[in-house]
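Below is one structure, written out as structure tokens, with a few remarks after it.
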Amino acid sequence: MLKYWLWLTERPGLTNQVRLTLLRHFGTPEAVYYADPEELLLTEGMTAAQVQHLAERNLEDAENILEACDRLHQHILTIQDAAYPDRLKNIYDPPCLLYWQGHLPAFDEEAAIAVVGTRSNTPYGVACAEKLGYGLAAGGALVVSGLARGIDSAALRGALRAGKPAVGVTGGGLDVFYPRENQYLYEDIAAAGVLISEYPPGTEPKGAHFPVRNRIISGLCVGTLVVEAPERSGALITAETALEQGRDVFAVPGPIDAPCSAGCNRLIREGAGLTADAWDILQEYAGSFPAKLCQTPKREEPAALGYQARQQQTKPARKAPPSLDLNQTDLKLTDDQIMLLEMLGEEEPLLVDDLVDRTQLPTRRVLSALTVLEMEHLVTQHSGKRYTRAVTLYK
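What follows is the structure, given as structure tokens:
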């Protein structure tokens, strides 16, 4: 019965490993509950102090949690349930139970990708996270992240914008919105995907919860993508945990002098997969999930053809691009974005290096602005990281 699971997992003074050992020894939480102190001491690694914690047999707290779950439409998944993912069960320290709200997917049948990064992000990092979250979800992957401010939230927003489910793993109770401004994101994920936590309703997020939560994020996934992370970052803890779990790690490169990209650049130097596009990740799993993953077809053009000839061959009936009045648009464009829009043409694509030379802006600012403009459908990216303007400007 669930009340015995809750009794066991809420006993203070016990680590998750001790609880797992007790379950292996006794088989069920109910058997642990009714075991004599002498029997408990026979469990490998048990101490007298831990046995004393188990001597408290009051089930009132467990019953209160069950009532709260029922009221909040939360569910409980134990490690012995058939729906518990084998992928998570096989890590070193799997949670004994999980609280969830929404629509629980069959994780073992999904190409789940964790997308994580720093809270102290740059505009470039947020734009990349949202773009990659969108691309991964649109390509058939299940995006999993931690609901933290910054990169995590941006990746989840991108996945939802693609019209696909997403998974948010929290460091507190599912009814405790953290950060507070993410309340609507919590609600959107619960409606379209699933929220997951190791902690019962009402649990306030604490600093110590987040490194522990990270093992769940990576453990549910086949790979982990780090979008932006300085040298000391919780996202790097998730990457290290993923490696310990035998999972793949990917990273988005950044400027060599950008502190927020130092951790990502180091991961790439140490062998992480360099990621500039969602397909850089999806192609690694296309053979394992052929019915799930896809790539938007990119037509390859003969090298001998000039650009105008290729345009005529692939776009015989080119439509005029929409117009954009920079003086009246509701879009909140930055000076960098406006400068690039004015610099780009609608026919001949320009390389990023050309744009850097012409605008005299740092490369990282050009890349950040282009990413945002592409997300707003104001520019079009072509092969070889070349760009054209997708709108006609008028003033």
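Residue numbers for the sequence shown follow the numbering used here, so the first one is 665 and each next one is one higher. Where a beta carbon is used, it is the ideal one built from N, C-alpha and C, also for glycine. If you're wondering where the values come from, they're calculated on a predicted model, not measured in any experiment.
Whole-angstrom distance between residue j and residue i, CA atom to CA atom
i              : j                 : result
glutamate 904  : valine 876        : 13 Å
proline 843    : glutamate 892     : 19 Å
cysteine 733   : cysteine 885      : 26 Å
threonine 711  : proline 758       : 22 Å
proline 693    : threonine 679     : 15 Å
leucine 838    : arginine 675      : 20 Å
lysine 636     : leucine 1005      : Residue 636 lies beyond the stretch modelled for the chain, which goes from 665 to 1059, so this question has no answer here.
glutamate 731  : histidine 1046    : 55 Å
leucine 761    : alanine 801       : 27 Å
leucine 687    : alanine 1033      : 53 Å
leucine 946    : arginine 1053     : 28 Å
valine 840     : glycine 866       : 6 Å
glycine 1009   : leucine 1037      : 14 Å
lysine 606     : glutamine 1001    : Any property of residue 606 remains undetermined from this structure, which presents the chain solely from 665 to 1059.
arginine 751   : isoleucine 880    : 10 Å
valine 807     : phenylalanine 953 : 15 Å
tyrosine 763   : isoleucine 740    : 5 Å
leucine 907    : arginine 933      : 15 Å
tryptophan 669 : tyrosine 1051     : 56 Å
proline 894    : histidine 1041    : 30 Å
glycine 918    : serine 925        : 5 Å
valine 792     : threonine 888     : The amino acid at residue 792 is misidentified as valine; the sequence shows cysteine. Approximately 15 Å, taken between the alpha carbons.
aspartate 661  : threonine 1035    : Nothing in the structure corresponds to residue 661, since the chain is present only between 665 and 1059.
glycine 970    : leucine 1019      : Bear in mind that a pLDDT of 40 at glycine 970, under 50, signals an unreliable position, so the model cannot answer this.
lysine 956     : alanine 854       : 22 Å
threonine 998  : valine 1030       : 11 Å
asparagine 878 : alanine 713       : 29 Å
valine 696     : glutamate 851     : 37 Å
alanine 967    : glutamate 1011    : Its pLDDT being 39, under 50, alanine 967 is placed unreliably by the model, and nothing is read from it.
glycine 814    : serine 861        : 20 Å
glutamate 708  : leucine 672       : 17 Å
cysteine 958   : glycine 797       : 15 Å
For residue i, three-class secondary structure by DSSP
i              : result
valine 808     : strand
alanine 695    : helix
glycine 910    : coil
tyrosine 1051  : strand
tyrosine 850   : helix
tyrosine 668   : helix
glycine 799    : helix
valine 1036    : helix
glycine 789    : helix
isoleucine 920 : coil
serine 897     : coil
serine 952     : coil
serine 861     : strand
glutamine 681  : helix
leucine 997    : coil
alanine 818    : helix
isoleucine 755 : coil
leucine 838    : coil
lysine 979     : Any answer about lysine 979 is weak, because its pLDDT of 41 lies below 50 and its placement is not dependable; what the coordinates show is given next. The answer is coil: DSSP assigns lysine 979 none of H, G, I, E or B.
threonine 742  : strand
histidine 717  : helix
alanine 776    : strand
Cβ-based burial, residue i [other Cβ within 10 Å; buried from 16]
i              : result
glutamine 681  : exposed
glutamate 702  : exposed
glutamate 774  : buried
arginine 896   : exposed
leucine 1015   : exposed
threonine 902  : buried
alanine 719    : exposed
methionine 665 : exposed
glutamine 847  : exposed
aspartate 1021 : exposed
tyrosine 698   : exposed
glutamine 738  : buried
alanine 872    : exposed
alanine 922    : buried
alanine 770    : exposed
glutamine 1024 : exposed
alanine 942    : buried
From the options, residue whose alpha carbon lies closest to that of residue i
i               : options                          : result
alanine 936     : Ile901, Val890, Thr867, Gln947   : Val890
threonine 782   : Gly927, Gly835, Leu666           : Gly927
leucine 859     : Asp944, Met1039, Leu811          : Leu811
alanine 823     : Ala778, Tyr863, Gly910           : Ala778
aspartate 772   : Leu938, Trp671, Gly883           : Gly883
serine 784      : Gly910, Tyr798, Ala818, Gly709   : Ala818
isoleucine 755  : Gly799, Leu684, Pro787, Gly797   : Leu684
asparagine 728  : Tyr850, Leu672, Pro864           : Pro864
alanine 1062    : Gly836, Gly835, Thr673, Gly857   : Absent from the structure is residue 1062, since the part of the chain shown begins at 665 and ends at 1059.
methionine 1003 : Val1043, Glu1011, Leu706, Ile920 : Val1043
Check whether the stretch 712-728 touches the stretch 738-749, taking contact to mean three or more Cβ pairs, one atom from each stretch, closer than 8 Å.
no
So, do the stretch 825-834 and the stretch 913-925 have three or more beta carbon pairs nearer to each other than 8 Å?
no
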